[in-house]
Each structure stands twice: as C-alpha cells, then as structure tokens.
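Numbered per my numbering, the sequence shown finishes at 481, counting up by one with no gaps.
Just so you know, even glycine gets a beta-carbon here, dropped at the ideal spot from N, CA and C.
Being a predicted model, the structure only gives us computed values, none of them experimental.
Let me begin by presenting the structure, written as structure tokens, before commenting on it.
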Amino acid sequence: MTVGFTLSPEQLELKDYARAFAQEHLAPLVDRVRATTDPHEAALLARPAHEAAVRAGLIKGMIPEGFGGAMGSGIDAALVTEELAAVMPDFVASLGGVLLALTPVYFGGDPEQTKRFLSPFLADEGAPQAVMALSEPAGTANFAAPPPAEGIRTTAVLDGDEWVITGEKQWSANLAGWDGTGPELMVVVCRTPGGLSLIGIEHEHFTAGNLKLVETMDLPGLRGHLTQRVRLEAVRVPRANLIGQEGQGADLTYLAFTASSAAVGVMATGSMRAAFDIALRFAKEQTRGGSAPIIEHRPVADILSDAKGRIEATRLLSWRALDAVASGDPAGLELALHAKVFGSETAVDVIHRLIQVVGVQAYNKAFPLIHHLLDAVAYPVFEGGNIGVRRRQLQGVLRDEGWDPLAASGLV
Numbered sequence: 070m071t072v073g074f075t076l077s078p079e080q081l082e083l084k085d086y087a088r089a090f091a092q093e094h095l096a097p098l099v100d101r102v103r104a105t106t107d108p109h110e111a112a113l114l115a116r117p118a119h120e121a122a123v124r125a126g127l128i129k130g131m132i133p134e135g136f137g138g139a140m141g142s143g144i145d146a147a148l149v150t151e152e153l154a155a156v157m158p159d160f161v162a163s164l165g166g167v168l169l170a171l172t173p174v175y176f177g178g179d180p181e182q183t184k185r186f187l188s189p190f191l192a193d194e195g196a197p198q199a200v201m202a203l204s205e206p207a208g209t210a211n212f213a214a215p216p217p218a219e220g221i222r223t224t225a226v227l228d229g230d231e232w233v234i235t236g237e238k239q240w241s242a243n244l245a246g247w248d249g250t251g252p253e254l255m256v257v258v259c260r261t262p263g264g265l266s267l268i269g270i271e272h273e274h275f276t277a278g279n280l281k282l283v284e285t286m287d288l289p290g291l292r293g294h295l296t297q298r299v300r301l302e303a304v305r306v307p308r309a310n311l312i313g314q315e316g317q318g319a320d321l322t323y324l325a326f327t328a329s330s331a332a333v334g335v336m337a338t339g340s341m342r343a344a345f346d347i348a349l350r351f352a353k354e355q356t357r358g359g360s361a362p363i364i365e366h367r368p369v370a371d372i373l374s375d376a377k378g379r380i381e382a383t384r385l386l387s388w389r390a391l392d393a394v395a396s397g398d399p400a401g402l403e404l405a406l407h408a409k410v411f412g413s414e415t416a417v418d419v420i421h422r423l424i425q426v427v428g429v430q431a432y433n434k435a436f437p438l439i440h441h442l443l444d445a446v447a448y449p450v451f452e453g454g455n456i457g458v459r460r461r462q463l464q465g466v467l468r469d470e471g472w473d474p475l476a477a478s479g480l481v
C-alpha cells in the first residue's frame, strides 16, 4: 500500500479546471435555482450547465477508458466532485445519476448492449440523462428481501421477445427526462420470473402513454436536482435489454451504489467547506455590537476549529474510499459505506453548529448558510438511507467470519 498525500501537478490542474467550471457555469445559477418556486422550472435552469459538462468532457470522465471514456483515478474523481459540490451539490447529484446507472452496465452488460447503452454518453454535445430507477414510493430499503417480502413492486414479464415493465419509481434524478419523454437510458430494478433483475429502457422505448409523470418533488434543498415520480405502464423493451442474468439485480445494484456512497462523502465535504467559508468570514468581519470580531470569542473559535478538523477527516476518508473503489481494492465497499455514513452525518452536525456561529441571521433564507443545511440533511437519506441500507451493509461486513478490522487500513 503506497501512502501519499501530495497532489500531482496534473491533479492540481484538474482541481483548478473543475473550480473554474463551477464558477463559470454553476455559481451564476445557485440563487436563481433557490429562488424559483416551481421545482421543475428550478431544475431546468441547470440544463445549460449539463450541456457545458458534456462539452467539457465531464460525462466522459465518468466512463472507464475501456468503454471509450476518460475516467481517471478515484482521487481525480474526488477532486472534481468536491469542487462542483462546494458550489452546487444538486448539480453533482444529478450528474452522478449517469455514473450510477452505467455502472451495472459495465459489470453485467454484453459488448453489443454496452456499446448501445453508452453511445449517448460518449457524445460531445447535448445533455443526455441516465437513471438508475431503484426507489419506489412505498420505500425500498428492503429492495433485495426475498418473497414473501414485497421489496421491489415493479415487475417485468416476457411477452414473446419483449419484456413488459409495469410499476412506479421515485427519487432518482430525471426519471421523466428533461421534457417528460424519458431519459436516454433508464436502468430499472424490477422483479422478473427469475428474481430481482435489471433491464435497460432506452429513450426510443418510451412512447405516448407508457411513461406517466406523476409528480415533480418539491424539495427543501438540492433544488437543481429534478426529482420525480413516474409510472411505467406496460413499457416494452427487447428481451436482449436484460442486464446480466435474471436474479442478478441485487448484486449489480449494490455494485452501482458502492461508488456513489463514497461520492456522498465527497459531496458532504463540499457542502461543509462552503458553509465553513461563510461562517469564518462572518466571524472575522462581524462584531455583533461588541468591541471585537466574534472570532475572538473562545466558543466561536472552538466551533470553527472543530468544524475544520471534521471537514479534513471526511475529505481524507472519502478520498481513500473512492481510490479503493476505483482501483478494485477489496476494502472498497467498507470504506465507501463509512464515507457515506460518517460523511453525511458529520455534514449535518457541522453545518448545524456553524449556524450557531452566525446566530439568528443564518435562519434568514436571504443568508446563504441555511441552504447548505437544507442540502446536507438529504445526504443521510439519499443514495440509500443510512439506517435502512448502509448501516445494514456495514453490519454484514462486521459479521463476516473472514473480516479483519485492520484490513481496510492495510495493517493486517
């Protein structure tokens, strides 16, 4: 295990590039998105940024080189993710849907299928959307539970050489696409006769009436994330669009959410970093009627110093987790789960305490700090809720007879 904490010149350049992209394409959107009351209109404001991300190669950067993309190391991914998330985490969550949906294709798809599914995301223009359609309105923490548990209620049955898919999905970004006609690719977690399975629905398979937009969710934070509930009504796709084998859906789904778990830790870092900058500047500039800036008061300095340490801890854990996942390290799953749970819950606590540095002014929606908390409270419950899924997976890691507590640190 090689341990190093100095970024290479290429990584520093990548960080600067991502920061410049965020300032040019995301920063001007933030206040407009937050102020737009209609959730669909708010999310659509980010579409030009998605188009810019495609032109800049950020989508290709999520796709492994072996499939035509330009994915770098896990640290590279962490650097880009944090810079974007520090400005607009909802954009990152939406963009990350592509990574989430395509991951099962890499591991389970055959060469022809993979080439077909990936084609829209290797282009240099447009704003293609890929969606991992897992969550359902009645809750999906027990999605992999065997019968008689309900788990996933969406079904797919064969009719000749076609799958006929029926059910409702919710929470994933862009389930209905930008215009309600569906995304370029929807990877649906569903029940088939052979068990829990994944099937790819391409845009051409969405026809009039078989994709119903039921609701666009009005979220308190992450408002640039187009969060929808849709109904699939007898959507027909070729039999060949089954990803992997029947009954392999749970394993492929867990694989997809491993990388995204680590990414949540990075998003949490970005949100804490942005909130810290606001609170620190406030503490250095404001006296609040006293004789000195409030940072001179010990309790304020203590909160700030504690927050900074926890930001650094979350960042390093998330970097390590993404590096492990990207390199195929056996410790990747454990580290990714820790990054998700620790990072998400730390972000909520840290930002809540930073609000206390500012005081009641932070409770004004015109002051930016409260918005970072509204974003952060989503982190423990999205991409697999910490209690329902992530902590259960960690329990499974700890129960494994072959697990060694020192293995993830390379100290065995």
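Cα-Cα separation between residue i and residue j, rounded to whole angstroms
| i | j | result |
| --- | --- | --- |
| V306 | R384 | 42 angstroms |
| S478 | E93 | 38 angstroms |
| M131 | I363 | 43 angstroms |
| I312 | G454 | 25 angstroms |
| A400 | V257 | 28 angstroms |
| A447 | G229 | 42 angstroms |
| M70 | S396 | With a pLDDT of only 47 at M70, under the threshold of 50, the placement of this residue in the model should not be trusted, and no figure is reported. |
| G73 | V427 | 37 angstroms |
| T285 | R367 | 46 angstroms |
| D193 | Q355 | 47 angstroms |
| R308 | E82 | 45 angstroms |
| V156 | A122 | 15 angstroms |
| A118 | D320 | 33 angstroms |
| V174 | R88 | 30 angstroms |
| V394 | G465 | 18 angstroms |
| G358 | H421 | 23 angstroms |
| P158 | R461 | 26 angstroms |
| V429 | R379 | 24 angstroms |
| V481 | E403 | 15 angstroms |
| A310 | A213 | In the sequence under discussion, the amino acid at residue 310 is Asn, which differs from the Ala named in the question. Cα to Cα, the separation comes out at about 21 angstroms. |
| A199 | S360 | 55 angstroms |
| L164 | P215 | 32 angstroms |
| F176 | I270 | 17 angstroms |
For residue i, the nearest candidate out of the options (CA to CA)
| i | options | result |
| --- | --- | --- |
| G220 | P368, E414 and G264 | G264 |
| A207 | M140, R298, P252 and G195 | R298 |
| V102 | A343, V426 and H294 | H294 |
| A405 | A361, G358 and L324 | L324 |
| A352 | A343, V369 and W388 | V369 |
| L386 | Y86, I144, V99 and K84 | I144 |
| H272 | D398, E152 and R185 | R185 |
| G318 | M336, E231, G178 and R292 | G178 |
| F136 | L191, L164 and M255 | L191 |
| V233 | C259, P217 and A214 | C259 |
| A435 | V99, A476 and D85 | V99 |
| E110 | I268, D287 and S360 | D287 |
| D85 | E365, L148 and D418 | L148 |
| N211 | G471, L463, A476 and G457 | G457 |
| D398 | A476, G278, A112 and Q182 | A476 |
Residue j beta carbon less than 8 angstroms from that of residue i
| i | j | result |
| --- | --- | --- |
| L423 | G290 | no |
| G334 | L282 | no |
| R459 | S330 | yes |
| E315 | S266 | yes |
| A344 | L438 | yes |
| L168 | A408 | no |
| T223 | T209 | no |
| S204 | K238 | yes |
| L95 | T105 | no |
| A146 | L391 | yes |
| V161 | A170 | no |
| F166 | M201 | This sequence places Gly at residue 166; Phe is not what is there. Cβ atoms of G166 and M201: closer than 8 angstroms. |
| A337 | A445 | yes |
| G138 | K129 | yes |
Residue burial classification, residue i (beta-carbon count within 10 angstroms, cutoff 16)
| i | result |
| --- | --- |
| A416 | buried |
| P474 | exposed |
| S77 | exposed |
| L301 | buried |
| N243 | buried |
| L227 | exposed |
| R342 | buried |
| P97 | exposed |
| V450 | exposed |
| T75 | exposed |
Any non-hydrogen atom of the ligand PLP closer than 7 angstroms to residue i Cβ
| i | result |
| --- | --- |
| A214 | Only the bare structure without any ligand can be found here, which leaves the ligand PLP out of the picture. |
Beta-carbon separation (whole angstroms), residue i vs residue j, contact threshold 8 angstroms
| i | j | result |
| --- | --- | --- |
| Q17 | I347 | Outside the shown range of the chain (70 to 481) lies residue 17, about which nothing can therefore be said. |
| E134 | P197 | That pair is no contact at about 19 angstroms. |
| W240 | T172 | No, W240 and T172 are not in contact; Cβ-Cβ is about 18 angstroms, not under 8 angstroms. |
| T276 | A225 | Not confirmed; about 17 angstroms, so no contact. |
| E151 | G339 | 5 angstroms |
| P108 | R292 | 7 angstroms |
| E452 | F326 | 6 angstroms |
| E79 | G195 | The pair is not a contact, with the Cβ atoms about 28 angstroms apart (cut-off 8 angstroms). |
| V419 | A376 | 5 angstroms |
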